[in-house]
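Quick notes on the structure that follows.
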Amino acid sequence: MAGNIFLCVTPSLPTMLCQRDIIGLFLVYSYVALVVSVAMVAKRRYPGCSYRKIVHILVGNIVFIWWVFEDRWVMGLLAALPFVFILLLATQRSPFQRLNGSFLGMATAQGHDLGLVYYAISWTVLAILLFDHRMAASIAIVAMSYGDGIGGLVGKRWGKRRLYDNKTYLGTGAVFVGTALITLIVMLFYNMLSGPMPQLNIPAIDPLCTVAIALLAGTFVATVELVTPGEYDNLIVPMSTAALMLLVGL
52 MAGNIFLCVT PSLPTMLCQR DIIGLFLVYS YVALVVSVAM VAKRRYPGCS
102 YRKIVHILVG NIVFIWWVFE DRWVMGLLAA LPFVFILLLA TQRSPFQRLN
152 GSFLGMATAQ GHDLGLVYYA ISWTVLAILL FDHRMAASIA IVAMSYGDGI
202 GGLVGKRWGK RRLYDNKTYL GTGAVFVGTA LITLIVMLFY NMLSGPMPQL
252 NIPAIDPLCT VAIALLAGTF VATVELVTPG EYDNLIVPMS TAALMLLVGL
């Protein structure tokens, strides 16, 4: 029994830190370290690349990990919240010059100063508030990471015709396609988990509804991202998308 990863190590402790939570923390921190390492290598080999976007997009894959967690507070306060403070210290507003000159500091400087901080805040809030609705929360996260991230890359690289403000037709189209596809993948992944992991409370959704929700998410995120100031899209896109997913019953 002690070797079962689905059992709490010491249920009497106030923290209720279970083996699943320990495994989840290890996976999250290991994966973030891997993403940062990949981005650092990309920066060295391709100095002109948007290594900030590499971090922005790939960190979203944590939605395929966080089902492991047993406790919302462990996920929110130990796996997500620390990155808020780490990234805040790496901004240009930080008094810690060493961190300003670090890789994270340079990545932060590539875009809006607090953009990655808001990214981590969204992770923290959704992990705590929607822990029992992880499919909805996961779609909200990938809308921010993949949808917004891919749209930004495509728009800056190939977008020519302006649609609204500084946004392009091609970039907005990429937000729609990227969000719809990754939403579909997330829903299929969590539907596969619903059998072996009934405690996740994944709603049963037929294939036609799955496609419809993915298209709805793509349309919604593309519209919200289009009209949202770039500085705040890492807050507004995931929070509004989470609300929409709850409204449709996820």
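Quick note on this note's numbering: the sequence shown kicks off at 52 and runs consecutively. Heads up, the beta-carbon is just placed ideally off N, CA and C, and yes, glycines get one too.
Assigned exposure category for residue i - 16 Cβ within 10 Å defines buried
i: Arg185; result: buried
i: Phe77; result: exposed
i: Asp284; result: buried
i: Leu286; result: buried
i: Arg149; result: A caution first: Arg149 carries a pLDDT of 48, below 50, which makes its placement in the model unreliable, though a value can still be read off. Under this definition Arg149 is an exposed residue.
i: Thr292; result: buried
i: Pro65; result: Per-residue confidence for Pro65 stands at a pLDDT of 38, beneath the threshold of 50, marking its modelled position as unreliable; the derived number appears in the next sentence. That one is exposed.
i: Gly54; result: Per-residue confidence for Gly54 stands at a pLDDT of 42, beneath the threshold of 50, marking its modelled position as unreliable; no derived number is given.
i: Trp85; result: Looking at the sequence shown, residue 85 is not Trp but Leu. Exposed.
i: Met195; result: buried
i: Asp72; result: buried
i: Phe134; result: buried
i: Val193; result: buried
i: Ile56; result: The pLDDT assigned to Ile56 is 38, lower than 50, so where the model puts this residue is not dependable; a value taken from the coordinates is nonetheless given after this. By the neighbour-count rule (16 or more Cβ atoms within 10 Å), Ile56 is not buried but exposed.
i: Ser81; result: exposed
Residue i at chain D interface by Cβ criterion, 9 Å
i: Phe115; result: Here there is only one protein chain, and chain D is not present.
CB contact flag (residue i, residue j, <9 Å)
i: Met296; j: Ile256; result: no
i: Thr223; j: Glu282; result: no
i: Leu266; j: Ala225; result: no
i: Tyr220; j: Arg212; result: yes
i: Ile190; j: Ala130; result: no
i: Val237; j: Phe115; result: yes
i: Val83; j: Gly198; result: no
i: Phe182; j: Phe120; result: yes
i: Leu132; j: Ala171; result: yes
i: Leu235; j: Thr261; result: yes
i: Leu138; j: Leu180; result: no
i: Leu68; j: Val125; result: yes
i: Leu327; j: Pro254; result: As shown, the chain starts at 52 and ends at 301. That puts residue 327 outside it, with no answer to give.
i: Leu128; j: Thr142; result: no
Residue range of the beta strand (DSSP E) that includes residue i
i: Tyr215; result: 213-215
Start-to-end residues for the alpha helix (DSSP H) that takes in residue i
i: Asp72; result: 70-96
i: Thr270; result: 258-278
i: Ala293; result: 284-298
Heavy atom of the ligand FAD within 8 Å of residue i beta-carbon
i: Ala90; result: With respect to small molecules bound, the structure shown includes none, and the ligand FAD cannot be examined in it.
*For the stretch 109-134, list the beta strand (DSSP E) runs that are entirely contained and at least 3 residues long, ordered along the chain.*
None, since the stretch 109-134 contains no complete beta strand (DSSP E) of that length.
*May I ask you to verify whether the stretch 201-208 touches the stretch 111-128, counting CB pairs closer than 8 Å and requiring at least 3?*
Under the Cβ criterion (8 Å, minimum of three pairs), the stretch 201-208 does not count as touching the stretch 111-128.
_At least 3 beta-carbon pairs within less than 8 Å: the stretch 91-98 vs the stretch 166-175_ = Result no; under three Cβ-Cβ pairs closer than 8 Å.
*Would you mind listing the beta strand (DSSP E) stretches within the stretch 167-238 that are 3+ residues and don't spill past its ends, in chain order?*
Taken in chain order, the whole beta strand (DSSP E) runs of length 3 or more contained in the stretch 167-238 are 213-215.
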